[in-house]
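A.B. asks: In the order they appear, the protein sequences are chains A and B.
Position 110 of the first sequence, counting from 1, maps to 110 under the numbering used here, and the rest follow consecutively.
Position 116 of the second sequence, counting from 1, maps to 311 under the numbering used here, and the rest follow consecutively.
Structure incoming, see below.
2 protein chains.
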Amino acid sequence: MRTRDENKEAAIREKALKMIVKEGFDGFSMQKLARAAGVSPATIYIYYKNREDLLNSLFNEIHKVFIANALENFSPGLSLEKGLWLQWKNRLGFILANPAHFFFLEQFRHSPLINHKDISNSEFKENMKGFCINAIKRGELARMEPEIFWAVAYGPFYSLVKFHLQKKSMMGNDFKITDHKLKQVLKMVLTALKP
Amino acid sequence: MRTRDENKEAAIREKALKMIVKEGFDGFSMQKLARAAGVSPATIYIYYKNREDLLNSLFNEIHKVFIANALENFSPGLSLEKGLWLQWKNRLGFILANPAHFFFLEQFRHSPLINHKDISNSEFKENMKGFCINAIKRGELARMEPEIFWAVAYGPFYSLVKFHLQKKSMMGNDFKITDHKLKQVLKMVLTALKP
DNA sequence: TTTGTAAGTGAACGAACGTTCATTTATCTT
DNA sequence: AAGATAAATGAACGTTCGTTCACTTACAAA
């Protein structure tokens, strides 16, 4: 039998991502994608059941890569400060290196497409759970619901990231994240989380 | 001359909002909208130049209403705690009363449609600026960049809101905001913002 | 070298897309 | 009551949509 041309699938996924980021889900079509990737429309249906399947597959893969990157060098035994800093840096590094991937994830997450899915990564959950328990034991973290922890520990970080990625952020400024600013916010967040 | 039927435009806007929230921008079409609103496709073009104009108009109006609601009873002279609490409560009240409006705003904001626009409300900016200056003078707030203030003061709040609106939030729980939890997070945020 | 089979194709399907247009309808001014 | 005019319409425009299908191509096993 004929062997699959891996370049074809890679081209399909890459062009799909770019098209969605530039034109949104309504500007994205299978025929345009085929043209952009240099394949026949029918070829796409060898790799994916249909349009929705392609979009879901794209989201799943990118989300997995994102989480894996966030957990790089992470261990639940790290101190709250070191662990949080590492995760922030990991995430920021990925986002700045792959802004299109992040735009895609955010666009997907905030669209109705997300309703047909169940996003959750048990490896990630286990890590975070252990991380919190250890921090509480060590007296670095007050006892609180996981969602509240997440909101305080990651909400400010992601707000900063979004300002960074916008041309004009809120006040008309051109805000850019620096290590110094990130450290400044980390200190504030750690103060908030302290028992 | 014949007079405009205001019910028609209201129906168009309402059905457009619902369709977009349920089916996304790619599930939304002018012909489906006309059918849902009980008008002719051509009628929509009396009120809006084209599809993009309709979407922009919808976003502008809803965003304006949202900001106006957030500023209700607000004054830059309020203490940091009172002012922040009021804004959180205003926003939460609106979002819970009009979840579809919030979904629409978020979906639009995270789509490429937002690139063609310039979101900024000078009345809101003036209010926030005065609010911060006063809080700094009073010693309730450390001096910091506006984006950092926003990230710490509103990032956690919006994270909570998003958990509340999801069926299964992160850890598989069914998280719901209560006044008590909101106050708990407010205390944490105020601690972080203190000089 | 033949053969089986999955990969890959271009053309085509009916349906739906955004938008326009000739026409009718309702209301204001006279 | 007549005339003017903008609102409103249904049908239609050409285009593009997601998907399928009959067919060709390339490669592994025989």
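Every residue gets a Cβ at the ideal spot worked out from N, C-alpha and C, and that includes glycine.
Values in this document were obtained by computation on a predicted structure and should not be read as measured data.
Got a sec: is the Cβ-Cβ distance from B/A387 to anything in chain A below 8 Å?
C.D. replies: Closer than 8 Å to some Cβ of chain A, the Cβ of B/A387 qualifies, so yes.
A.B. asks: What do you get for A/K162, buried or exposed, if any count of 16 or more other CB atoms within 10 angstroms of its CB means buried?
C.D. replies: Under this definition A/K162 is a buried residue.
A.B. asks: In three-state terms, what does DSSP make of A/N121?
C.D. replies: Note: A/N121 maps to coil in three-state DSSP.
A.B. asks: Alpha carbon to alpha carbon, what distance is there between B/M366 and A/N134?
C.D. replies: Taking the straight line joining both Cα atoms gives about 18 Å.
A.B. asks: Let's test the definition: count the other Cβ atoms within 10 Å of the Cβ of A/E106 and tell me whether it reaches 16, buried, or not, exposed.
C.D. replies: It is buried - the Cβ of A/E106 has at least 16 other Cβ atoms within 10 Å.
A.B. asks: Please list the partners that B/H375 has in chain A, where partner means a Cβ-to-Cβ separation under 7 Å.
C.D. replies: Per Cβ cutoff of 7 Å: no residues; B/H375 is ~11 Å from chain A at best.
A.B. asks: Counting along the chain, where does the alpha helix (DSSP H) carrying B/R246 start and finish?
C.D. replies: Here the alpha helix (DSSP H) through B/R246 covers 246-265.
A.B. asks: Under a CB-based cut-off of 8 Å, is A/E106 close to chain B?
C.D. replies: At least one chain B Cβ lies under 8 Å of A/E106.
A.B. asks: For A/E140, go through chain B and note every residue whose CB falls closer than 7 Å to its CB, in chain order.
C.D. replies: Under the 7 Å cutoff, chain B gives no residues; its nearest Cβ is about 14 Å from A/E140.
A.B. asks: Could you tell me the alpha carbon to alpha carbon distance between A/L78 and A/E147, rounded to whole angstroms?
C.D. replies: If you take the alpha carbons of A/L78 and A/E147, they lie about 20 Å apart.
A.B. asks: Would you call the stretch 153-168 of chain A and the stretch 50-68 of chain A touching, i.e. three or more CB-CB distances under 8 Å?
C.D. replies: With the cut-off at 8 Å, the stretch 153-168 of chain A and the stretch 50-68 of chain A do not touch.
A.B. asks: Does the beta-carbon distance from A/I67 to A/F124 come in below 8 Å?
C.D. replies: Yes, these two residues count as a Cβ contact at 8 Å.
A.B. asks: Between A/G130 and the rest of its own chain, which residues show a CB-CB distance below 6 Å, the 5 nearest in sequence each way excluded?
C.D. replies: Here the set comprises P76.
A.B. asks: So, at 6 Å on beta carbons, what are the nonlocal neighbours of B/R199 in its own chain, with the 5 sequence-adjacent residues on each side left out?
C.D. replies: Result list for B/R199: empty, nothing under 6 Å.
A.B. asks: Can you tell me the Cβ-Cβ gap for B/I207 and B/Y240, rounded? I've got them flagged as a contact below 8 Å.
C.D. replies: Their Cβ separation, rounded to whole angstroms, is 11 Å, which puts B/I207 and B/Y240 out of contact at 8 Å.
A.B. asks: Count the other CB atoms, across all protein chains shown, that sit within 10 Å of the CB of A/M128; report buried if there are 16 or more and exposed otherwise.
C.D. replies: It is buried - the Cβ of A/M128 has at least 16 other Cβ atoms within 10 Å.
A.B. asks: Report the three-state DSSP secondary structure of B/S306 (helix, strand or coil).
C.D. replies: In this structure, B/S306 counts as coil in the three-state DSSP scheme.
A.B. asks: List the residues of chain B whose Cβ lies closer than 8 Å to the Cβ of A/L22, in chain order.
C.D. replies: Before going further, note that residue 22 of chain A is Lys rather than Leu in the sequence given. Chain B residues near A/K22: P307.
A.B. asks: Scan the stretch 132-191 of chain A and note each continuous alpha helix (DSSP H) run of 4 residues or more that stays entirely inside, going in chain order.
C.D. replies: Whole alpha helix (DSSP H) segments, 4+ residues: 146-165.
A.B. asks: Nearest chain B C-beta to A/I67 closer than 8 Å, yes or no?
C.D. replies: It does not: the Cβ of A/I67 has no partner Cβ on chain B nearer than 8 Å.
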